[in-house]
Amino acid sequence: MYVVTILELLLIYALLTLSLNLVVGLAGQVNLGHAAFFGIGAYAGGTLLKAGAPFPVALAAGAAAATALGLVLGAVSLRLRGDYLAIATIGFNFAVVAALLYTPYFGGAYGLSGIPRGLAPSTYLLALLATFGLAVFIHERVRNSESGYAFVALRDSEVAAEALGLNVNRFKLVAFALSTALAGVAGVFYAAYIGTLRPEDFGFPLSVTLMAMLVVGGMGGLWGPILGAFLLGGFAQAFAFVHNYQAVLYGLLLALVMRYRPQGILGRVS
Amino acid sequence: MDLFTLTALLGDGLAVGSIYALTALGLTLVYGLLRVLHVAHAGVYAVGAYAGWWAFQKTGSFGLALGTGAVAGALLGLFLEAWFYRPLLSRPPHVALIGSIGLFLAVGDLLRILFGPYQQSLPALAPAPVVGMLTAPQLVVVGATAVLLLGVYFVVEQTRLGLGWRAMAQDALTAAALGVDLPLMSRLAFLAASLLAGLAGVLVGAYYNQVYPTMGAVLAYKGLAIVVLGGLGNLWGTVAAALLLGLLESLAVAYLGHRFPPEGVAFVALILVLLFRPQGLFSRARR
Amino acid sequence: MTVLEGRGLTQRFGGLVAVHQVDIQVRQGEVLGLFGPNGAGKTTLFNLLAGAIPPSEGQVYLEGREVTHLPAYRRAQLGLARTFQIVQPFRSLTALENVLVALARDSFRRLLPLGRLATPERQAKALALLEQVGIADFAHRNVSQVPLGVLKRLEVARALALEPKVLLLDEPLAGLTFKEAEEVLGVVTALRGRIAVVLVEHHVHLALPVCDRALVLDRGTVIAQGGPDAVRSDPRVIQVYLGEEDAPA
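Chains as they are written, first to last, in my numbering: chain A, 343 to 612; chain B, 14 to 300; chain C, 182 to 430.
Spelled out as structure tokens, the structure:
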């Protein structure tokens with residue numbers, strides 16, 4: 343049973359890294375605030391689950407809420423470049439967490455608690471697996487299609503993509519929308535999984551973790567993000583008993599992988 | 014506003030701002046030359062603080078503490094430059110950024126493992142009032158910062174090293190073609206930045222009489238905000254932004270109290286700047 | 182028939198006037214060269230026509246339709262293709278894939294096109310285009326491992342994939358060896374009479390022979406235009422190039 347619980351968490355992480363990969367790996371945009379969309383989805387879905395809404399409705403709400411804010415960040419990304427965008431996404435993450443902290447409706451600093459699972463345990467697992475499968479399908483379908491190439495083109499040379507008739511701004515927004523919708527869905531599953539949400543759980547440190555999972559696993563393809571999620575996510579669990587050394591080992595892992603294999607474990611050298 | 018309140022606000026604001034200035038200066042110097050956000054800089058700062066604390070414990074001398082902190086910071090900074098940042102220059106920027114964050118996490122946790130999670134005290138500066146509400150620690154911090162900033166000004170504006178830095182920041186390729194030794198510039202920049210960070214760490218430790226493993230965390234985030242406020246790579250803009258932020262935070266604590274955390278000031282300022290003037294408050298360059 | 186036209190084009194950067202009241206017409210099938218010494222404004226004029234920057238004054242017409250305020254991607258969709266002085270290949274892709282992306286332009290009008298990029302029809306067209314510019318051997322090579330001369334011709338192939346009415350070439354010979362430059366010029370010559378080409382070039386003596394007409398700019402205004410021989414022997418042209426290494430003669 344414990345294994346199932348861990349697996350469920352890892353699947354949720356994998357949904358997150360796949361979603362992040364769409365924007366960062368494929369489309370080449372910076373996003374150091376992805377945890378915010380995870381959080382928005384979790385809070386939106388969690389609130390509905392508490393109100394007794396059926397699970398699919400909560401999922402839809404989580405996805406919609408996350409996408410709406412995802413488009414806001416996407417719009418911001420159109421105006422900022424590189425390091426400024428990186429810092430803006432960090433700022434966005436902080437803004438969302440602050441908004442959640444100071445909104446009494448969402449429980450403020452105490453967070454949102456008492457979220458029911460909304461599904462029987464076995465149904466939950468099946469739903470999660472099915473969603474994961476669907477996410478993989480969508481991810482691969484997009485990646486190997488004309489849209490996937492459009493994202494790669496705008497990543498490699500925005501100005502050339504424009505000169506070939508690609509509406510670069512619109513494609514960036516689409517990437518953000520897809521990415522955040524999936525993150526929102528993951529958030530709802532997480533809300534049901536954990537039962538209690540606190541704003542600081544969705545802060546910048548989690549965004550860094552997600553980015554790290556993606557980068558360590560290898561950006562761009564399918565298995566890199568999944569490996570990264572399972573490896574670093576599982577890391578935290580496996581090293582729970584060496585909890586005392588967790589952060590230093592984790593930090594060292596990040597630093598060493600970036601130093602000696604920056605393309606990630608499954609990434610290709612470009 | 015009476016003299017006491019004014020001096021209290023100014024004193025604390027300038028002292029805090031000075032610390033920000035010393036650390037953010039290094040951050041923006043490194044960014045200007047290498048276009049990399051050196052998040053681990055906050056780790057250098059914490060290491061400097063602990064080194065200074067250790068030296069003070071052993072010798073009781075604040076001067077030695079400052080020196081030890083500076084040297085420890087410098088050594089760590091030079092190591093990071095050589096082992097981590099320079100080899101990754103040809104890689105996409107997210108590589109150095111993620112790795113730097115990892116280094117920062119590792120260093121912070123290593124300090125916790127070595128020295129324990131509790132605060133250590135560094136009672137080198139007695140918080141005695143000197144003028145109005147200005148205290149001795151405040152004067153020491155602001156004074157030390159003023160001296161150091163003068164030194165930085167001299168090096169940057171009046172020496173060949175500073176010229177090399179400015180050339181490299183503006184156009185590295187041309188600078189190299191004109192004979193500027195880029196790796197040397199980089200090493201010296203990290204040396205200077207890390208010296209300042211180490212010193213800042215000791216000064217903060219003495220000012221608040223606290224040294225603890227996660228003391229770099231807040232600075233890591235605020236440092237980013239400050240360098241954007243001042244203009245990424247703009248040395249004096251960053252100093253100005255740092256001092257400004259220190260003063261604003263002081264005002265926020267005084268007038269907004271518990272309703273608004275002082276950390277929020279940096280963050281609100283960052284949002285506003287990114288929305289309306291992303292090149293920074295003091296930059297003439299366009300984005 | 183005029184394919185591309187600029188009327189009263191003026192571009193100011195702060196206090197500097199880079200281009201001043203320039204009128205330019207490009208006729209179907211002709212190769213028009215834009216020349217001038219450094220700082221003459223030819224690159225700025227090029228960018229105004231391409232839609233990379235909006236003009237301070239003046240209008241741009243593509244096949245009679247005003248496109249002055251249309252962004253670059255819209256102009257590309259309407260039949261204006263351009264290459265870049267500093268090549269901009271899609272480095273993660275092969276040469277063939279680079280051209281395939283250009284060929285998918287109709288699909289890219291949709292919000293989220295999920296079709297296959299490398300359809301048999303597109304592959305055939307892409308290979309033909311690569312052959313047309315003489316780099317078919319590099320079709321399946323990743324472009325990050327390919328010489329500059331090949332990349333320059335890939336830029337042209339990609340641009341041609343748009344089936345443009347007018348092709349704008351931004352210093353296509355920059356940085357090339359003599360042999361590579363000859364190959365690129367061969368491609369341009371082959372296009373003569375088929376589509377309109379505007380080329381901005383610094384190496385006047387190399388590019389002028391392939392042009393049907395030439396425009397010479399100096400300090401933002403047109404100082405001479407006409408056939409290659411007329412321009413080459415124009416005293417004003419000779420004067421502005423005096424002392425320049427790339428003089429026409």
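A virtual CB, placed ideally from N, CA and C, is assigned to each residue, including glycine. Predicted, not measured: the structure shown is a model, and the values here were computed from it.
Exercise. Curious, which full-length beta strand (DSSP E) runs of at least 3 residues does the stretch 232-278 of chain B contain?
Worked result: none
Exercise. L372 of chain C: buried (16+ other C-beta within 10 angstroms of its C-beta) or exposed?
Worked result: buried
Problem set entry | Status (buried if at least 16 other CB within 10 Å, exposed otherwise) for R483 of chain A | exposed
Exercise. Going along the chain, which residues of its own chain have a beta-carbon closer than 7 angstroms to the beta-carbon of G450 of chain A, five neighbours each way excluded?
Worked result: L443, Y444
For this session: Would you list the one or two residues that DSSP bridges to P142 of chain B?
Result: B:T148
Exercise. How would you label M181 of chain B, buried or exposed, when you count the other beta carbons within 10 angstroms and need 16 or more for buried?
Worked result: buried
Exercise. Name the residues in the stretch 115-138 of chain B whose C-beta lies less than 9 angstroms from a C-beta of chain A; which are they?
Worked result: G115, L116, F117, L118, A119, V120, G121, D122, L123, R125, I126
For this session: Excluding the 5 residues preceding and the 5 following V248 of chain C in the sequence, name in chain order all residues of the same chain whose CB lies nearer than 6 angstroms to its CB.
Result: V241, R256
Problem set entry | Cβ neighbours of P446 of chain A in the same chain (closer than 6 angstroms, five flanking residues each side left out) | none
Problem set entry | Entirely enclosed alpha helix (DSSP H) segments - the stretch 457-528 of chain A, minimum 4 residues | 463-485, 488-498, 500-505
For this session: Ignoring anything shorter than 4 residues or poking outside the stretch 166-226 of chain B, list the alpha helix (DSSP H) runs there in chain order.
Result: 173-183, 185-190, 195-221
Problem set entry | Bridge partners - D399 of chain C, DSSP secondary structure assignment | C:T402
Exercise. With respect to the beta strand (DSSP E) encompassing I601 of chain A, which residues constitute its N-terminal and C-terminal limits?
Worked result: The amino acid occupying residue 601 of chain A in the given sequence is Arg; Ile does not appear at that position. No beta strand (DSSP E) holds R601 of chain A; the alpha helix (DSSP H) holding it covers 588-602.
Exercise. Should the stretch 512-527 of chain A be regarded as contacting the stretch 558-578 of chain A, the criterion being three or more beta carbon pairs within less than 8 angstroms?
Worked result: no
Problem set entry | Proximity winner among B:S74, B:P196, B:V165, B:G82, relative to A137 of chain B (alpha-carbon distances) | B:S74
For this session: Measure the CB-CB distance between A189 of chain B and L195 of chain B and report whether it falls below 7 angstroms.
Result: yes
For this session: May I have the straight-line CA-CA distance separating I607 of chain A from F216 of chain C, to the nearest angstrom?
Result: 51 angstroms
Problem set entry | Beta-carbon contacts of F265 of chain C that lie in its chain and below 8 angstroms, excluding the five residues immediately before and after | E336, D351
For this session: List the DSSP bridge partners of T264 of chain C.
Result: For T264 of chain C, which the question treats as bridged, DSSP gives no partner whatsoever.
Exercise. Quick one, which of C:R417, C:V212, C:A276 has its alpha-carbon nearest T402 of chain C's?
Worked result: C:R417
Problem set entry | Coarse secondary structure for Q579 of chain A, derived from DSSP in three states | helix
Problem set entry | Under 7 angstroms from the C-beta of V550 of chain A: neighbouring residues of chain B | I114
Problem set entry | Expected contact under 8 angstroms - CB spacing of G210 of chain C and G374 of chain C to nearest Å | 5 angstroms
Problem set entry | Residue span of the beta strand (DSSP E) that contains Y242 of chain C, given as start and end | 238-243
Problem set entry | Residue-level contact to chain B via CB, I568 of chain A, 7 angstroms cutoff | no
For this session: List the residues of chain E whose Cβ lies closer than 9 angstroms to the Cβ of I607 of chain A, in chain order.
Result: In summary, chain E is missing from the structure at hand, where the protein chains are A, B and C.
For this session: Look up A377 of chain C in the DSSP assignment and give the residues it is bridged to.
Result: C:V347
Problem set entry | Distance between S487 of chain A and G330 of chain C (C-alpha atoms, nearest Å) | 30 angstroms
Exercise. Would DSSP call A199 of chain C helix, strand or coil?
Worked result: strand
Exercise. Would S207 of chain B pass as a contact of A87 of chain B if the rule is Cβ separation under 7 angstroms?
Worked result: yes
Exercise. Measuring CA to CA, which of A:T409, A:Y535, A:A428 is closest to T347 of chain A?
Worked result: A:Y535
Exercise. Hey, P130 of chain B and A219 of chain B are a contact pair by Cβ (cut 8 angstroms); roughly how many whole angstroms apart?
Worked result: No, P130 of chain B and A219 of chain B are not in contact; Cβ-Cβ is about 21 angstroms, not under 8 angstroms.
Problem set entry | Counted within 10 angstroms of its Cβ, other Cβ atoms place V345 of chain A as buried (16 or more) or exposed | exposed
For this session: Taking only beta-carbon positions, decide if F518 of chain A is within less than 7 angstroms of chain B.
Result: no
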